[in-house]
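Data first, discussion second: the structure below is written as structure tokens.
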Amino acid sequence: SRFLAGASERDIVYAGLAYTMEQSAKQIMNVAARYNLGLDQRTAAYLCALEKVLTVYNEAGFTY
């Protein structure tokens, strides 16, 4: 009967975390490629975060 049960809460959380981490890694790699950063993933992650902040500012109508 244990094998017939559905996914546990832990399984669901881990699956969601794995998906989020995979999407974030892909986004960071795309930013690294766009700005020709090579293997500098730290700078790519920083730029990715800055792009997200800029997007929120633009959508909110703030000027800078």
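Each residue of the sequence shown is one higher than the one before, starting from 2 at the first, in the working numbering. For glycine and all other residues, C-beta sits at the position ideal for the given N, C-alpha and C.
Asked, Found
"DSSP three-state assignment for Y36, whether helix, strand or coil", "coil"
"Inter-residue spacing [alpha-carbon to alpha-carbon] between Y15 and T21", "10 Å"
"Same chain, Cβ closer than 7 Å to Q42, neighbours up to 5 away in sequence not counted", "I29 and A33"
"Rounded C-alpha distance that separates N59 from G7", "43 Å"
"Buried or exposed by the 16-neighbour rule on C-beta atoms within 10 Å, applied to A45", "buried"
"Three-state secondary structure assigned by DSSP to G62", "coil"
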